[in-house]
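2 protein chains.
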Amino acid sequence: MTALDERTPPPLAAVGTTVWLTGLPSAGKTTLATALAARLQDPHVELLDGDEVREFLSKGLGFSRADRDTNVLRIGWVAATLAKHGVLVLASVISPFAQTRAQVRALHEGRGAGFLEIHVATPVEVCSERDVKGLYARQRAGELAGLTGVDAPYEAPTAPDARVPAHEQSVEQSVEQLLALLRARGLVAGGLA
Amino acid sequence: MTALDERTPPPLAAVGTTVWLTGLPSAGKTTLATALAARLQDPHVELLDGDEVREFLSKGLGFSRADRDTNVLRIGWVAATLAKHGVLVLASVISPFAQTRAQVRALHEGRGAGFLEIHVATPVEVCSERDVKGLYARQRAGELAGLTGVDAPYEAPTAPDARVPAHEQSVEQSVEQLLALLRARGLVAGGLA
Chain F
1 MTALDERTPP PLAAVGTTVW LTGLPSAGKT TLATALAARL QDPHVELLDG DEVREFLSKG
61 LGFSRADRDT NVLRIGWVAA TLAKHGVLVL ASVISPFAQT RAQVRALHEG RGAGFLEIHV
121 ATPVEVCSER DVKGLYARQR AGELAGLTGV DAPYEAPTAP DARVPAHEQS VEQSVEQLLA
181 LLRARGLVAG GLA
Chain X
194 MTALDERTPP PLAAVGTTVW LTGLPSAGKT TLATALAARL QDPHVELLDG DEVREFLSKG
254 LGFSRADRDT NVLRIGWVAA TLAKHGVLVL ASVISPFAQT RAQVRALHEG RGAGFLEIHV
314 ATPVEVCSER DVKGLYARQR AGELAGLTGV DAPYEAPTAP DARVPAHEQS VEQSVEQLLA
374 LLRARGLVAG GLA
């Protein structure tokens, strides 16, 4: 075991909240979450990336509606458990279904944790051009079926806490937009660099 | 969203650590974890019960060696992520395999979180009489196979951080034993009621 002082994080910031970034593949969710985390410089920020977490929490699950829901709810459960204890969770998860996102919100409310639904609203034409992981190309080539926003549904949030036009502004501007929201809700200190 | 003050937990106690209670079915792991949590009276304690968590995190997994390991590692991953942020996690998980428990310890060390392996060492004869969930009876009746400690292996820890003889002392005495260990390691305040 390491010495106490090395292991001890500073006390948690005021509030536990999950910032849930939903949007199409290649919309810029993880880029935004990573940039926001870097800006916050807070040891009590936890990044939960849908793809990465899937590897650990949901190995063996596929991309059927039921399996997608199970994966999203598992990430939501972990996020809510962390946020309940004061962690600021930045979760980037496609989470295509409105009802499942509502369940994730309910998990947070049931634990007294905050929840912000953020729609990273890059349109499919732009995502398809960016195609960070080559998914759109594989779909066009017939090597992949069930791509969210193309041949699988994406239910855009009708009343998100914020909508980020990530295709019309820089990453820095998107970070500022979310910081302003977090400050307005009292979820981070106002004096952030 | 609730008001800020209602949602805000107090700052975390000093240290993030997982107290990992391993032992046979009906050894008294969950009873001890629950009693310890009640005694600690700390909002930053999180109980992770193997059976309960299995329902959320690992639905569909069975009781093969591979599936058991996956379940234990998932709980370990969640515990380590919580402990990293300063939560005191009380995890009661049969976790029969030494190697898997070592992996869980490594997950914690990799995140700078503390980890205490506690062997709840009630022998199988006593567990089998208690049989809180009727598992031993079902095994005897031939309705269940692969019961840890009977017809499936349990690898008792050879060098646990503590061994709790839960069959030879009261729950209160076991709680005191763990509190003394936590205090000795500097993991809870000394002035606990």
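Residue numbers (this note's numbering), protein chains in the order written: chain F, 1 to 193; chain X, 194 to 386.
Ideal Cβ positions, reconstructed from N, Cα and C, are used throughout, including at glycine.
Unbroken alpha helix (DSSP H) run spanning Arg138 (chain F), endpoints: By one-based count along the first sequence, residue 138 (chain F) stands at place 138. Counting along the chain, the alpha helix (DSSP H) containing Arg138 (chain F) begins and ends at Leu135 to Arg140.
Where the beta strand (DSSP E) through Ser174 (chain F) begins and ends: Within the first sequence, residue 174 (chain F) is the residue found at index 174, counting from 1. Not the beta strand (DSSP E): Ser174 (chain F) falls in the alpha helix (DSSP H), residues Val171 to Ala184.
Interface partners of Glu239 (chain X) on chain F, CB under 9 angstroms: Counting from one through the second sequence, the residue named residue 239 (chain X) turns up at place 46. Those within 9 angstroms of Glu239 (chain X) in chain F are Thr81, Lys84 and His85.
Residue-level contact to chain F via CB, Trp213 (chain X), 8 angstroms cutoff: Position 20 of the second sequence, counted from the first residue, corresponds to residue 213 (chain X). Chain F, which has no Cβ nearer than 8 angstroms to the Cβ of Trp213 (chain X), makes this no.
Expected contact under 8 angstroms - CB spacing of Leu380 (chain X) and Gly307 (chain X) to nearest Å: For this step, residue 380 (chain X) is matched to residue 187 along the second sequence. For this step, residue 307 (chain X) is matched to residue 114 along the second sequence. With a Cβ gap of about 6 angstroms, Leu380 (chain X) and Gly307 (chain X) count as contacting.
Pairwise C-alpha distance: Thr158 (chain F) and Arg298 (chain X): By one-based count along the second sequence, residue 298 (chain X) stands at place 105. By one-based count along the first sequence, residue 158 (chain F) stands at place 158. Distance between the alpha carbons of Arg298 (chain X) and Thr158 (chain F) is about 43 angstroms.
DSSP state of Ser128 (chain F) mapped onto helix, strand, coil: Working through the first sequence from its first residue, we reach residue 128 (chain F) at position 128. Residue state, collapsed to three classes: helix.
Cutoff 8 angstroms: Phe249 (chain X) Cβ touching any chain F Cβ: By 1-based counting over the second sequence, the position of residue 249 (chain X) is 56. So, interface residue.
Under 8 angstroms by beta carbon: chain F residues contacting Lys222 (chain X): The residue given as residue 222 (chain X) occupies position 29 in the second sequence. Correct list: empty, because the minimum Cβ distance to chain F is about 20 angstroms.
Selection from X:Gln366, X:Asp354, X:Arg258 and X:Val364 that minimises the alpha carbon distance to Thr215 (chain X): Here residue 215 (chain X) is taken as the residue at index 22 of the second sequence, counted from 1. Here the closest residue by C-alpha is X:Asp354.
Best match in F:Pro123, F:Gly112 and F:Val171 for proximity to Thr17 (chain F) [C-alpha to C-alpha]: The residue labelled residue 17 (chain F) in the question sits at position 17 within the first sequence. The shortest Cα separation from Thr17 (chain F) among F:Pro123, F:Gly112 and F:Val171 belongs to F:Gly112.
Beta-carbon spacing of Val87 (chain F), His44 (chain F) below 8 angstroms: One-based indexing of the first sequence puts residue 87 (chain F) at position 87. One-based indexing of the first sequence puts residue 44 (chain F) at position 44. For Val87 (chain F) and His44 (chain F), yes; Cβs fall inside 8 angstroms.
Given Pro218 (chain X) as reference, the closest of X:Ala377, X:Arg331, X:Glu248 and X:Glu369 once Cα atoms are compared: Here residue 218 (chain X) refers to the residue found at position 25 when the second sequence is read from its first residue. It is X:Arg331 whose Cα lies nearest to the Cα of Pro218 (chain X).
Distance, Glu361 (chain X) Cα to Ala373 (chain X) Cα: Against the second sequence, residue 373 (chain X) aligns to sequence position 180. Against the second sequence, residue 361 (chain X) aligns to sequence position 168. Answer to the nearest angstrom: the Cα atoms are 18 angstroms apart.
Per-residue contacts from Arg74 (chain F) into chain X (C-beta, under 8 angstroms): Mapped onto the first sequence, residue 74 (chain F) falls at position 74. By Cβ distance, chain X contributes Phe249 and Leu250.
Assumed close pair Val364 (chain X), Leu241 (chain X) - CB separation to whole angstroms, cut-off 8 angstroms: Reading the second sequence from its first residue, position 171 is the one you call residue 364 (chain X). Reading the second sequence from its first residue, position 48 is the one you call residue 241 (chain X). Their Cβ separation, rounded to whole angstroms, is 19 angstroms, which puts Val364 (chain X) and Leu241 (chain X) out of contact at 8 angstroms.
Rounded C-alpha distance that separates Arg258 (chain X) from Arg54 (chain F): The count along the second sequence starts at 1 and reaches residue 258 (chain X) at position 65. The count along the first sequence starts at 1 and reaches residue 54 (chain F) at position 54. About 21 angstroms.
Pick from F:Ile75, F:Glu129, F:Val126 and F:Ser58 that is closest to Val89 (chain F), judged by C-alpha positions: Within the first sequence, the letter at position 89 stands for residue 89 (chain F). Measuring from the Cα of Val89 (chain F), the nearest candidate turns out to be F:Ile75.
Per-residue contacts from Thr158 (chain F) into chain X (C-beta, under 7 angstroms): What you label residue 158 (chain F) is simply residue 158 of the first sequence in a count that begins at 1. Within chain X, no residue comes near Thr158 (chain F); the closest Cβ sits about 18 angstroms away, beyond 7 angstroms.
For Trp270 (chain X), the residue or residues it bridges with in DSSP: As a position in the second sequence, residue 270 (chain X) is number 77, starting the count at 1. Looking at the DSSP assignment, Trp270 (chain X) forms no beta bridge with any residue, so it has no partner.
Span separating the alpha-carbon of Arg68 (chain F) from that of Gln370 (chain X): Here residue 68 (chain F) corresponds to residue number 68 of the first sequence, with the count starting at 1. Here residue 370 (chain X) corresponds to residue number 177 of the second sequence, with the count starting at 1. Taking the straight line joining both Cα atoms gives about 44 angstroms.
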